[in-house]
Structures are given as structure tokens and as C-alpha cells.
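Heads up: the sequence shown is residues 3 to 351, going by the numbering used here. Glycine included, each C-beta is placed from N, C-alpha and C at the ideal position. Owing to the predicted nature of the structure, the values given are computational and were not obtained by experimental measurement. Since the structure comes first, as C-alpha cells, the remarks are kept for the end.
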Amino acid sequence: MTSRLFPTSATKRRRCSLANHATGWWVSSDGSGQLATHFRDDIALSQMGEGSLTIDVHYSALNYKDALALTGSPGVVRKPPLIPGIDCAGIVSQSSDPGVPIGTAVVITGYGYGENRHGGLATQVVADSEHVIPVPEGLSLKEAATIGTAGITAGLAITALLRNGVNPNSVFPIAVTGAAGGVGSLALALLSHEGFRAVAITGRTDEADYLTMLGAIDVISRQEFLAQPSRPLLPERFAGAIDQAGGEMLATLLASTQNYGAVIACGLAGGSDLSTTVLPFILRGVSLLGINSVFQPHDVRSTIWEHFARAKLPLDQIAQVVDLTDALDVAPRVLSGLTRGRVVVAIGA
Ligand SMILES: NC(=O)c1ccc[n+]([C@@H]2O[C@H](COP(=O)([O-])OP(=O)(O)OC[C@H]3O[C@@H](n4cnc5c(N)ncnc54)[C@H](OP(=O)(O)O)[C@@H]3O)[C@@H](O)[C@H]2O)c1
């Protein structure tokens, strides 16, 4: 059953807006470079940028990036004032593109929404038709938001592993870090669906039942994994890895990967530095591969969405739903690694 997060200091905010106005979160600069976040019910649609579509947003999500944006961290919101939210799923309410008629259920991930143009944490978003993917048959809008950027990232990571010769027949399993988070949960579930054996590395071993339900064959404590002696090469343990932590975790994974294995770097939840040696690369032929889900060709995204539609993953158990008005209260918990799976934001549903 879907769980609902109840923030500790919920401030009830008004969600109904004036005609031709949107309601949502607004990150603005105070002029001295500091960012401030407000909840507004008077955002004029005419101020929401140019685009061939207006979408009534039903669901968005709180990605790690969105939590940074809401809490005023620099680096995500590039052009304030801006509505944050890198994902959204909703119904087209206005369209000047006959290819995407009014009433189409669509999803957007990346493309700079919530970073350099208004994003999904509001009741409406103005979008370009080239940026939307029709929600594939078999997925609801809520499921599309549950998959969102995290799912696309997981899909890209698995595609990169396969392209580099890491497949379900590999002797060693695949390590997934930040396993109880958004990217981690979807990577575990999708790997398992694809027939890979996946091991969850987590700071929360008390989530072992959840991680096993997603398909993990083993759950390793992050603290214990990082307590290994710091050596350029450790015993081979993984055929590959999907890492959203960076820093020491990424260096330890590189040292633990088998001959000609591949490590996918997709995040920095543990730090943006990487201190390693060339030994995993020149003595074991390990590949280090990067993922950027923001700018990906439409056909690559469509293929991953179709895959998710067929996979029938336990998305309801991965989603934790919060109301739009509570997103700011929940954001610090996302940054502290206290939320599980995907934090889905209910808006016009
Ligand atoms: N490259 C891309 O295109 C792309 C796309 C999406 C996300 N990302 C990045 O991937 C990362 C995860 O995103 P997300 O949306 O999955 O975030 P999330 O849902 O907040 O999950 C982050 C997870 O990281 C783990 N974690 C927390 N602190 C950590 C630490 N100090 N060291 C190691 N792990 C730690 C926690 O999992 P456990 O409790 O299980 O350890 C936490 O649940 C972020 O850095 C995000 O910016 C990149």
C-alpha cells in the first residue's frame, strides 16, 4: 500500500488559485544572491514562459535536486525567480501542437525544467511539445511520477552496463548504492526484473525487508562497506555498480569491481570528490561511466518508458505521497536521507 509522509510541521497553505493563475512553489533571489522559497497562489500563466503546451500537473516529485532547490541551495535554480520541480505528470489543457492534443496524459523529466525554466511543483506548467512523453498505456500519472527522473536514470544506468558487457550472466552481482533512495529503489527493482542479481548498499539496514522486496539478494551496510581498508584494489566482488553517492563510495566500488566490469556514476549524495588511483582501470580494465538524465534524446527516453510500462514494478510500494503544500517541510528529510523510495507530490490529482 502507498505510504503517505506526514511532515512534523505542516503549515496548511491555500491551494486554490485565481483564474489564469497557478499555485505552487516559487524560488526567488533576494538580490544578494540568497534564494528564498514562497508558496504562491497568484502566479500568472502569462509569466510562466513560452511553450506550445499548458499542462495541468497532477503529480510531481521531490528529487534530491528539488529538495536542494526548495531549501535555497545554490546550483539547481539557475534563473530565479523560478518554480522548482524537475519532473511532472499531468494532462495537456492547452495545445498549439496537433501532435499533442488537449487531454493527452504526458510526463516530463529533465530538459532543464525546475532548473532554468519553470518546473513541476505547481498546478500548471508551460512546456514544449518536444519535451513531453505520452504516458505509456499501462501506467497511471502517479506511477509515471513515481518513475520520473530516478527511473530514467536507473534505466540509462542499466543500458550502460549492458552496453559494456555486464549482463545477468556475470559471476558477480551488481552493487546499488543509496539503495533505499529514489534512484537506488528503481535501479534495484529494474535490475531484478531484467534478471540481474543485485546487492543493496545502504545506510539504512533497517530497510532490509523493503530492499529484499525490491529484489536485492543481499543488503550490505554502507558503514561496513566503507570501513574496509582503503586500498587501490580490493577483492573482486561486483560485476558492476550503479552509484549515486560519489566520493569514498565510488572509489571503494571501483576497487571492488571485477575484471572488465563497469561502474556507473550518477550522483553525489555522499560527495562530489573522487580520490582513486588508475589501478582499477589499467590492471582490471574497469570502466567508469557517467549518466546525465537531463539531456537525453527523445527516443532513448521513450524506450525506457515503454520498458517500465511492461515491467510492472512494485511502484505503489516505492512511492511515498506528500501534498504540494507540504513539499517544503519534507525537503530537509530528503536531503538527510530519511525518506524512502520516491517522494511523489500530489498536486491536481
Ligand atoms: N546523473 C543524473 O542524471 C541523476 C539523476 C537523478 C539523480 N541524480 C543524483 O543521484 C543522487 C540520488 O538522487 P535520488 O533522487 O535518488 O535521491 P534520494 O531519493 O534522496 O536518495 C539518496 C540516497 O542516498 C543515500 N545517502 C544519503 N546520504 C549518503 C551519504 N552520505 N553517502 C552515501 N549515500 C548516502 C541514502 O540512501 P541509503 O539510506 O539507502 O544509503 C538516500 O536515500 C543525487 O546526488 C542526485 O542528484 C543524478
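query, result
"Rounded separation between ASP245 and ASN22 - CA only", "43 Å"
"Local Cβ density within 10 Å of THR254, reported as buried at 16 or more and exposed below that", "buried"
"Any non-hydrogen atom of ligand 1 closer than 6 Å to LEU270 Cβ", "yes"
"For ARG119, the residue or residues it bridges with in DSSP", "TYR115"
"Neighbour-count burial assignment, THR305, 16 or more Cβ in a 10 Å radius", "exposed"
"Limits of the unbroken alpha helix (DSSP H) element including VAL185", "184 to 195"
"Bridge partners - HIS23, DSSP secondary structure assignment", "ALA46"
"Span of the beta strand (DSSP E) around GLN225", "No beta strand (DSSP E) holds GLN225; the alpha helix (DSSP H) holding it covers 224 to 228."
"Proximity test, THR151 beta-carbon vs ligand 1 heavy atom, cut-off 6 Å", "yes"
"Cβ neighbour criterion (16 or more within 10 Å) applied to SER62", "buried"
"From LEU330, GLY350, SER232, ARG206, residue whose alpha carbon lies closest to that of ALA71", "LEU330"
"ARG233 - DSSP class collapsed to helix/strand/coil", "coil"
"Proximity winner among VAL324, LEU228, LEU163, relative to TYR262 (alpha-carbon distances)", "LEU163"
"Residue span of the alpha helix (DSSP H) that contains ARG80, given as start and end", "Looking at the DSSP string, ARG80 is not in any alpha helix (DSSP H), and its letter there is neither H nor E."
"Heavy atom of ligand 1 within 6 Å of VAL201 beta-carbon", "no"
"Three-state secondary structure assigned by DSSP to THR214", "helix"
"Boundaries (first-last residue) of the alpha helix (DSSP H) holding GLN36", "That residue, GLN36, is in no alpha helix (DSSP H); it is neither H nor E in DSSP."
"Residue nearest to LEU236 in terms of C-alpha spacing, selected from PRO299, ALA257, THR204, GLY249", "ALA257"
"The segment 290 to 301 touching the segment 151 to 159, judged by at least three CB pairs closer than 8 Å", "yes"
"Outcome for GLN260 when other beta-carbon atoms lying within 10 angstroms are tallied against a minimum of 16", "buried"
"The segment 133 to 147 touching the segment 205 to 214, judged by at least three CB pairs closer than 8 Å", "no"
"Buried versus exposed call for LYS67 [16 or more other C-beta atoms within 10 Å across all chains shown]", "buried"
"Those residues which DSSP pairs with ARG344 across a bridge", "ALA321"
"Selection from ARG344, VAL265, ASN294, GLY184 that minimises the alpha carbon distance to GLY287", "VAL265"
"Distance cut-off 6 Å: ILE244 Cβ against heavy atoms of ligand 1", "no"
"beta-carbon ASN118 near ligand 1 non-hydrogen atom, thresh 6 Å", "no"
"Spatially closest choice to THR279 from ASN118, ALA69, VAL347, PRO234, by CA coordinates", "PRO234"
"Assumed close pair LEU270, THR148 - CB separation to whole angstroms, cut-off 8 Å", "Contact doesn't hold; Cβ gap of about 23 Å is too wide."
"Paired residues, beta bridge with ASP58 - DSSP", "ILE93, GLN126"
"Cβ distance (whole Å) where SER274 is taken to contact GLY292 below 8 Å", "About 13 Å; that fails the 8 Å criterion."
"Distance, CYS268 Cα to LEU340 Cα", "20 Å"
"Short Cβ contact (7 Å threshold) for GLY350 with HIS60", "yes"
"Residues sharing a beta bridge with ILE266, DSSP", "ILE244, LEU291"
"From GLY217, ALA210, ASP211, residue whose alpha carbon lies closest to that of LEU188", "GLY217"
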